[in-house]
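**Student:** Take this structure first; my questions come after.
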Amino acid sequence: MELADPQLVGDSFTWKRGERHDSAARLDRFLISEEWETSFRNIKQSTMHRVISDHCPLILECGNWEKSNSYFKFENWWLQTENFKEMVKNWWDSFNVRGSILNQLAELDGIQDQRQLTDDEIYLRAVITVEFEENAKREEIAWRQRSRALWLKEGDRNTKFFHRTANCHKRYNNIDKLSVNGECTGKPTVIKEEIIKFYQNLYAETERWRPQFSARSGTMVNEMDNIMLEEQFSEKEIMDCVMACARDKAPGPDGYTMAFFIACWDVVNKEVVAAVQNFHAQSFFEKSFNATFIALIPKKIGAKELKDFRPISLIGSIYKILSKILTERLKKVVSKLVDAQQLAFIKGRQIMDAILIANECVDVRKISKVPEILRKLDIEKAYDHLHWGFLWKTLENMGFGGKWMKFCITTVKCEVFRSDKWISFWILLISERITTRGPPIPFSLYSGNGRTK
């Protein structure tokens, strides 16, 4: 019979000898059978405070996950189903989606700029205009009724507070308990409130005034670079970025992995290309593309404080494609903008080189015996604390065009996702500090700010 050792939460050792704990070991443990683990999916063993004995008391907690409504997730094994691609094509072709009324009117306006409209197009425009006027009246009534519940957003501050995705084991990721003011609680409402409070305090802007700068130094983006960065996304460029995406990364709100788009590209390519090129024309996302799920991943086993969790963004498929396109374009110019001493996040440079250089500097000083001060800076959550105004001004001083900057900086909404269920709140307001706006800003933009003194 095979026995398993459940996750140990708390102290790493269960036995300690002497007042100074000169010796310590993990001697005590629960061992569970496969049948037991199948019966109780959520199993944890925890250490308790020892009083007299050298051994720590252990407690075994057994239970099942709280049931919740799960959202749609595409399973990559579906691709192995016989005739899967043919079924997708039939389903895809059966949908007749024309887009919003405003998009249809804009499309007809674009056609009229190039040629005269046909009789059918003139008739279609008249029908769409009548439909738009009717919808406008309905919307006015709905908002008049809803207006009593609207929040006053002026002066409020909020944040988009998390970075990119990780797919860890559910048992380790589950936040069933959290330390609040020194006391451990398992109440979902308290946990939710504490998460909001923690990140609002961490990322909210506290300075009401910051000095402005306009100095332009170092290499800048030239006119040809800006033309390349801002030119229309071609179908080949979009396809190449789709094919280069990781197939098995965790899905976002749309539920689809990139494996689906790669396998069914000849079916869905027209709609995907149209969505990406529409973003280029408008410089902002559709709301449905602009949503992000947030996962809190523990940095260590038994994490109980929010500072011990790493926030990860789970973004949608179109979001990923646009991010990839912008990143690939930025790679072509960023190396000449960022100082050669900045070794992280730049293609062709290795962060290990910085470690080797630092090690050599220390060795030289040891040999020469010349007194010197070694200073190490640990910038806490530096990427998250980058102020949007500072980033925008830095990009402007580097010579980036306004359209490119709008590509990288727009608005986003996020929902915290915990243990296969949502914490029922939306982050609605725009952060005064770092927020993933539009496609996630590449770390190479962050590293570019290192040259600003």
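The letter at position 54 of the sequence shown is residue 54 when you use UniProt numbering, and the numbering goes up by one with no holes.
Glycine included, every Cβ here is placed at the ideal spot set by N, Cα and C.
1) Are TYR256 and PHE74 closer than 8 Å when you measure CB to CB?
2) With DSSP collapsed to three states, give me the class of ILE346.
3) What's the gap between the Cα of SER252 and the Cα of LEU314?
4) Go through its chain and collect everything with a Cβ distance to GLU2's Cβ below 7 Å, but skip five positions before and after it.
5) Look at ILE325 and PHE233 and say whether their C-beta atoms are less than 8 Å apart.
6) At which residues does the alpha helix (DSSP H) containing TRP392 begin and terminate?
7) With three or more C-beta pairs closer than 8 Å as the rule, is the stretch 346-363 touching the stretch 175-195?
8) Quick test of your reading: LEU178 and LYS299, contact by CB under 8 Å. State the CB separation rounded to the nearest angstrom.
9) For the structure I just gave you, are there three or more beta carbon pairs, one from the stretch 283-295 and one from the stretch 261-271, closer than 8 Å?
10) Where in the stretch 234-314 do unbroken runs of the alpha helix (DSSP H), each at least 4 residues long, occur, reported from the N-terminal end onward?
11) Please state the DSSP three-state secondary structure of GLU183.
12) May I ask which residues mark the beginning and end of the alpha helix (DSSP H) holding ARG115?
13) Go ahead and pull the three-state DSSP assignment for residue 459.
14) What is the rounded straight-line gap between the Cα of CYS408 and the Cα of VAL9?
15) Specify, as a first and last residue, the run of the beta strand (DSSP E) that ARG17 falls within.
16) Quick one, are the C-beta atoms of ILE238 and VAL273 less than 8 Å apart?
17) Report, in whole angstroms, the separation of the C-beta atoms of ILE128 and ILE111, which I expect to be a contact under 8 Å.
18) Measure how close the beta-carbons of ILE355 and ALA344 come, nearest whole angstrom, since I'm counting them as under 8 Å.
19) Should ALA246 be listed as close to the ligand SAH, given that the test is whether its C-beta is under 7 Å from any heavy atom?
20) Just curious, the alpha helix (DSSP H) that ILE351 is in, first and last residue?
21) Which partner residues of SER33 appear in the DSSP bridge assignment?
22) Please check the pair ASP254 and SER323, which I expect to be a contact at CB under 8 Å, by giving their CB distance rounded to whole angstroms.
23) Check CYS56 in the structure and name its three-state DSSP category.
24) Looking only at its chain, what residues have a beta carbon closer than 7 Å to the beta carbon of LYS403, apart from the 5 residues adjacent to it on each side?
25) Hey, quick one: how far does the alpha helix (DSSP H) through LYS403 stretch, first residue to last?
26) In its own chain, which residues sit with a C-beta less than 6 Å from the C-beta of PHE443, not counting the 5 before and 5 after it?
27) Run the CB neighbour count on THR165, radius 10 Å, all protein chains shown included, and call it buried at 16 or more, exposed below.
28) Using three-state DSSP, classify SER327 as helix, strand or coil.
29) Which residue from MET220, TRP91, ARG365, LEU124 puts its Cα closest to that of ASN397?
30) Check each candidate in TRP91, GLN45, ASP240 and name the one with the smallest Cα separation from ARG29.
**Tutor:** If we stick to the structure as given:
1) yes
2) coil
3) First, the residue type needs correcting, since residue 252 is Gly and not Ser in the sequence shown. Cα to Cα, GLY252 sits roughly 5 Å from LEU314.
4) GLU34
5) The answer is yes: Cβ separation under 8 Å.
6) Unbroken alpha helix (DSSP H) run through TRP392: 388-397.
7) Between the stretch 175-195 and the stretch 346-363 there are fewer than three inter-stretch CB-CB distances shorter than 8 Å, so the stretches are not counted as touching.
8) So it is not a contact: roughly 14 Å between Cβ atoms.
9) no
10) 235-244, 258-263, 265-282
11) Three-state DSSP puts GLU183 in a strand.
12) Here ARG115 belongs to no alpha helix (DSSP H), and DSSP marks it neither H nor E.
13) The requested residue 459 is not part of the displayed model; the chain covers only 1 to 453.
14) 41 Å
15) 15-17
16) yes
17) Contact flag wrong, Cβ pair sits at about 13 Å.
18) 11 Å between Cβ atoms; not a contact.
19) Only the bare structure without any ligand can be found here, which leaves the ligand SAH out of the picture.
20) 351-368
21) Its beta-bridge partners are LEU3.
22) Not really, about 14 Å apart at Cβ, beyond 8 Å.
23) coil
24) GLU230, SER283
25) Per DSSP, LYS403 belongs to the alpha helix (DSSP H) from 402-408.
26) Only weak support is given to the placement of PHE443: the predicted model assigns it a pLDDT of 44, under 50, and the value that follows is read from those uncertain coordinates. PHE345, listed in sequence order.
27) Annotation note: pLDDT 31 at THR165 (below 50); position unreliable, no value reported.
28) One point to set straight first is that residue 327 is Thr, not Ser, in the sequence displayed. Residue state, collapsed to three classes: helix.
29) MET220
30) Looking only at TRP91, GLN45, ASP240, the smallest Cα-Cα distance to ARG29 is reached by GLN45.
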